Amino acid sequence: MSDKPLKVAVLGCGSVGSQVVRLLGEQADDLAARIGAPVELAGVAVRRLEGDREIDVPADLLTTDAEGLVSREDVDVVVELIGGFEPARTLILSALRHGASVVSANKALIAEHGPELFQAAEDAGRDLYYEAAAAGAIPIVRPLRESLAGDRVTRVLGIVNGTTNYVLDKMDSVGAGYEETLTEAQELGYAEADPTADVEGFDAAAKAAILASLAFHTRVTAADVYREGISEITAADARSAQAMGCVVKLLAIAELHDDAVSVRVHPAMIPRSHPLASVREAFNAVFVESDAAGQLMFYGPGAGGSPTASAVLGDLVTVARNRQLDTKGMGESTYAARRVLPIGEARTRYHVNIGVDDRAGVLAAVANAFATHDVSIQTVRQQGRGEEAELVVVSHEATDAQLSATVRELKGMDIVRDVTSVMRVEGEME
Ligand code: NAP
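According to the numbering used here, the residues represented by the sequence shown are 184 to 613, in order.
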């Protein structure tokens with residue numbers, strides 16, 4: 184046990200930063216024993232000195248000069264909890280240049296500027312850890328990077344956004360519409376006043392990029408991820424899923440295809456028997472499939488100040504111990520350099536609702552449109568009569584491009600009133 188304290192600078196003292204500062208104080212003795220040296224708070228950078236905070240930070244530690252804090256020679260570890268691209272990116276680069284190791288929970292930044300930041304860490308011979316950036320408190324970065332490093336991961340399916348899971352779960356259990364459910368989620372604090380990053384899938388896409396990079400030892404950035412949010416999901420979609428024994432979830436999907444990967448975020452129906460179907464309310468989970476281990480599921484709170492601080496402190500202990508031992512952990516592993524498939528080449532099954540004329544020969548014509556584009560049909564059923572008549576088709580696996588061409592053809596047919604919904608189906612149906 185060294186007497187020399189390890190100095191930690193925390194950037195940001197909001198939901199997560201305040202909990203990190205609190206736990207650094209409350210667990211000081213245990214942290215010291217685990218790291219092998221006492222931890223000392225060197226400073227806490229914020230945007231404004233005034234204003235209510237969830238914790239009391241000694242006035243002499245609070246500063247608005249984040250750059251000054253990260254460039255101090257005596258700071259060993261910088262914990263970045265500001266969020267967004269700038270000044271977070273510049274501050275992390277500066278911290279590494281000045282010899283500090285870095286812990287960050289910033290998914291948007293890691294997903295967008297990861298390659299530059301990992302290179303800077305490599306050049307500096309320092310750690311850059313980001314467990315909290317992938318799924319909040321759920322340990323998934325370390326399992327993918329270390330525990331499964333000897334296996335071959337083939338697929339990662341994640342429910343990695345609490346807001347959208349809460350909304351979809353309520354639409355499923357209460358039967359309410361999207362807008363109404365989102366408003367309720369905002370009132371209860373499950374959704375932000377501006378919910379765009381969550382409901383349009385940007386947050387999940389950043390996490391999908393991080394998970395895919397780790398799982399497949401390649402570089403995937405947020406821009407590579409195909410993204411659809413949940414704002415078009417209707418109460419009717421939720422009912423259709425129920426009729427099929429399914430539930431609608433917003434999924435982050437990363438799949439290995441020979442030398443390429445498919446990475447996408449979109450709503451999908453999954454059978455109620457799938458482990459991810461049981462992930463309710465704002466909880467998150469990541470379901471991993473690999474050759475040797477088979478199926479694994481990681482479950483827990485994907486957000487929240489205190490849960491996220493748990494993952495941040497786990498990283499802090501690791502990078503601090505590495506410094507004590509004068510070593511560094513595994514860096515980024517991107518040796519495989521796989522191509523990212525365009526969405527048109529992604530293969531899945533589809534559930535398609537088609538409003539049709541209620542007369543003989545319609546079924547054959549619709550089936551023919553699917554066959555023309557080589558999309559084979561698993562099941563078809565009619566619901567409603569007369570003006571309400573609908574065919575509900577579930578296809579076997581096909582590419583997105585094949586399905587899009589089928590839908591275009593269906594929409595041009597006289598007997599088709601409209602294609603009222605198209606939803607992907609993931610997971611084996613019983
Ligand atoms: P937050 O509550 O908005 O707090 C942000 C903090 O950064 C505030 O203390 C703010 O100062 C400070 N800040 C903003 N601009 C700054 C600047 N230019 N210089 C210095 N400080 C600045 O954010 P959060 O929810 O804690 O999230 C922090 C990070 O954790 C983000 O990357 C987020 O994606 C990630 N994360 C959050 C959660 C979660 O549940 N909240 C979960 C997983 C990951 P003031 O206090 O003076 O405004």
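Cβ coordinates follow ideal geometry from the N, Cα and C atoms, glycine included.
No experiment lies behind these values; they were computed from the predicted model shown.
For residue i, would you say it is in contact with chain D, using Cβ-to-Cβ distances shorter than 8 Å as the test?
i	result
residue 224	Of the protein chains in this structure there is only one, and it is not chain D.
Classify residue i as helix, strand or coil using the three-state DSSP reduction.
i	result
residue 468	strand
residue 573	strand
residue 232	coil
residue 594	helix
residue 462	coil
residue 301	helix
residue 601	strand
residue 519	coil
residue 290	helix
residue 249	helix
residue 484	strand
residue 225	strand
residue 566	strand
residue 198	helix
residue 263	strand
residue 274	helix
residue 282	coil
residue 538	strand
residue 188	coil
residue 478	strand
residue 581	strand
residue 309	coil
residue 510	coil
residue 607	strand
residue 532	strand
residue 493	helix
residue 502	helix
residue 203	helix
residue 240	coil
residue 258	coil
residue 587	helix
residue 558	coil
Going along the chain, which residues of its own chain have a beta-carbon closer than 8 Å to the beta-carbon of residue i, five neighbours each way excluded?
i	result
residue 550	560 and 563
residue 281	253, 254, 255, 256 and 258
residue 216	184
residue 277	250, 253 and 254
residue 199	264, 288, 315, 488, 491, 492 and 495
residue 565	546, 572, 573, 574 and 575
residue 418	354, 358, 359, 360 and 361
residue 347	381, 382, 384, 387, 412, 413 and 433
residue 465	345, 346, 348, 349, 373, 484, 485 and 486
residue 271	194, 263, 265, 287, 289 and 292
residue 467	318, 319, 321, 341, 342, 343, 344, 345, 348, 482, 483, 484, 485 and 486
Cutting at 7 Å between CB atoms, please list the residues of its own chain near residue i, excluding the five before and the five after it.
i	result
residue 414	361, 382 and 383
residue 585	556, 557 and 558
residue 201	236, 237, 238 and 488
residue 501	312 and 512
residue 600	538 and 539
residue 589	552, 553, 556 and 558
residue 401	444, 517, 519, 520 and 521
residue 568	541
residue 397	324, 327 and 328
residue 474	334, 335 and 337
residue 206	492 and 496
By Cβ distance below 6 Å, which residues in the same chain neighbour residue i in space, the five residues on each side in sequence not counted?
i	result
residue 478	472
residue 195	264 and 265
residue 368	349, 350 and 374
residue 303	276 and 279
residue 535	576 and 605
residue 483	320 and 321
residue 290	316, 389 and 390
residue 608	452, 532 and 534
query: Can you list the alpha helix (DSSP H) stretches of 4 or more residues lying completely in the segment 313-371, in chain order?
result: 315-318, 345-357 and 361-370
query: Does the pairing of the segment 370-381 with the segment 489-503 give three or more beta-carbon distances under 8 Å?
result: no
message: Runs of 4 residues minimum, wholly inside the segment 376-450: which ones carry the alpha helix (DSSP H) assignment?
response: 379-382, 385-399 and 418-426
message: Whether or not the segment 424-438 and the segment 588-599 are in contact is what I'm after, with contact meaning three or more pairs of Cβ atoms, one per stretch, closer than 8 Å; do they touch?
response: no
message: Assess contact between the segment 206-225 and the segment 503-511, defined as three or more Cβ pairs (one per stretch) separated by less than 8 Å. Is contact present?
response: yes
message: Taking contact to mean 3 or more Cβ pairs, one atom from each stretch, closer than 8 Å, check whether the segment 287-306 and the segment 316-327 are in contact.
response: yes
message: So, does the segment 419-428 touch the segment 320-339, judging by three or more C-beta pairs under 8 Å?
response: no
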